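A.B. asks: Using the numbering used here, the first residue of the sequence shown is number 195, and each one after it goes up by one.
Virtual Cβ for every residue (Gly too), placed ideally from N, Cα, C.
Keep in mind it's a predicted model, so treat the numbers as computed, not measured.
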Amino acid sequence: MSYKEFSYFYDYFNYNADYDGLFNKIRELASGRGVDNGIVCDLGCGTGELAFRFNRAGYDVIAVDNSDEMLDVLFDKRDEEQAYNVQILKQDITQLDMYGTVDLFTCTFDTVNHLEGADSVQKLFDKVSLFMHPSGVFIFDMNTRYKHTDILKNEVFDFIDEEADCHWQNTLYADENKTKISITINDKHAGEEYYEEFFEYYYSLDEVKKMLKNAGLEIIQLIDGESFGDIKPDSQRYLFMVKKEQENG
Ligand SMILES: C[S@@+](CC[C@H](N)C(=O)[O-])C[C@H]1O[C@@H](n2cnc3c(N)ncnc32)[C@H](O)[C@@H]1O
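1. Under 8 Å between the Cβ atoms of Q316 and A409?
2. What does a CB cutoff of less than 6 Å around C235 pick up in its chain, not counting 5 residues either side in sequence?
3. Round the Cβ separation of Y389 and T373 to the nearest angstrom and send it over; I've been treating them as touching at under 8 Å.
4. Distance check for V350 and T365, CA to CA, integer angstroms please.
5. So is the beta-carbon of L298 under 7 Å away from any non-hydrogen atom of ligand 1?
6. Take the Cβ of A251 as the centre, count every other Cβ of all protein chains shown within 10 Å, and call the residue buried at 16 or more, exposed below.
7. Short of 7 Å in beta carbon distance, which residues of its chain neighbour T241, apart from the five on each side in sequence? Order them along the chain.
8. Threshold first: 3 residues or longer. Then list the beta strand (DSSP E) segments lying entirely within the segment 210 to 246, N to C.
9. How do the segment 337 to 351 and the segment 395 to 409 stand: do at least 3 beta-carbon pairs fall below 8 Å, yes or no?
10. Under the criterion of a Cβ to heavy atom distance below 7 Å, does L283 qualify as lining ligand 1?
11. With a cut-off of 8 Å on the beta carbons, I'd call F332 and L411 a contact; round off their distance for me.
12. Taking only three categories from DSSP, how would you classify Q185?
13. Provide the residue(s) that pair with H361 in DSSP beta bridges, ordered along the chain.
14. Compare the beta carbon distance of I413 and V436 with 8 Å and say whether it is the shorter of the two.
15. What residue range does the alpha helix (DSSP H) around S314 cover?
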């Protein structure tokens with residue numbers, strides 16, 4: 195599910211997300227597989243925080259998202275950075291179409307959970323497998339089942355700030371393995387209120403492993419997506435690095 199008006203407030207309310215830490219970890223993991231340069235494709239790139247970091251580090255970057263509003267923000271940030279070598283594609287990542295292979299695919303901050311159910315996740319994995327260079331890697335994260343059922347649950351969060359307030363309501367649909375997220379934003383500058391809702395879907399580790407296997411992808415690292423240590427029963431996010439199964443080594 196793609197973002198709408200929330201896109202314009204994404205960076206504002208996400209200011210404490212550690213993109214530097216995530217970028218450094220992804221680089222370290224990819225580098226350990228010999229992927230130190232080449233083409234990086236960030237799937238569901240949002241406002242491009244990760245994509246622009248890869249660009250600054252000298253990679254050839256393709257940033258993909260299908261939200262017009264996110265892409266608005268992304269184009270503005272590309273202008274600000276004068277990062278015109280970053281290619282921006284408006285595509286549904288489950289229908290990804292590329293004109294060549296990619297050395298490093300990334301997909302972060304729960305983008306995979308935003309896809310509408312297991313069939314869509316499978317389609318994403320199939321596309322990544324199709325377009326990934328034989329020695330490339332795909333690094334992605336996912337919010338865990340535990341986070342949805344024990345942490346997000348039916349919680350309400352209120353972020354009160356100078357320019358805008360955000361009221362965030364979670365509603366757990368445990369029978370359907372999904373959480374509805376309803377967001378109301380009060381834009382104090384514009385004097386406008388926006389409402390949007392979307393679902394995040396969650397999966398067991400076994401389900402994810404099966405989907406990867408179906409796509410011909412093999413896990414080479416699976417760590418906690420926040421501590422970057424071992425996964426635990428109460429890990430809230432997993433970080434996966436996968437490669438194509440047929441690759442030697
Ligand atoms: C939680 S945001 C994460 C953004 C970014 N990856 C980050 O690390 O900040 C999820 C993003 O995925 C995008 N998205 C969701 N479903 C998508 C789809 N099917 N195709 C392309 N983009 C999608 C949304 O528009 C949104 O920008």
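C.D. replies: The relevant details are as follows:
1. yes
2. I256, V296, F299
3. Their Cβ separation, rounded to whole angstroms, is 17 Å, which puts Y389 and T373 out of contact at 8 Å.
4. 9 Å
5. Every heavy atom of ligand 1 is 7 Å or more from the Cβ of L298, so no.
6. Within a 10 Å sphere around the beta-carbon of A251 sit fewer than 16 other beta-carbons, which makes this residue exposed.
7. Y204, D205, M264, V267, L268, K271
8. Within the segment 210 to 246, the beta strand (DSSP E) runs of at least 3 residues that lie entirely inside it are, in chain order, 233 to 237.
9. yes
10. The answer is no for L283.
11. Contact between F332 and L411 holds, with the beta-carbon distance rounding to 7 Å and staying under 8 Å.
12. Outside the modelled stretch of the chain, which goes from 195 to 443, sits residue 185, for which no answer is possible.
13. Answer by DSSP bridge pairing, in chain order: D352, T378.
14. yes
15. S314 -> alpha helix (DSSP H) spans 312 to 325.
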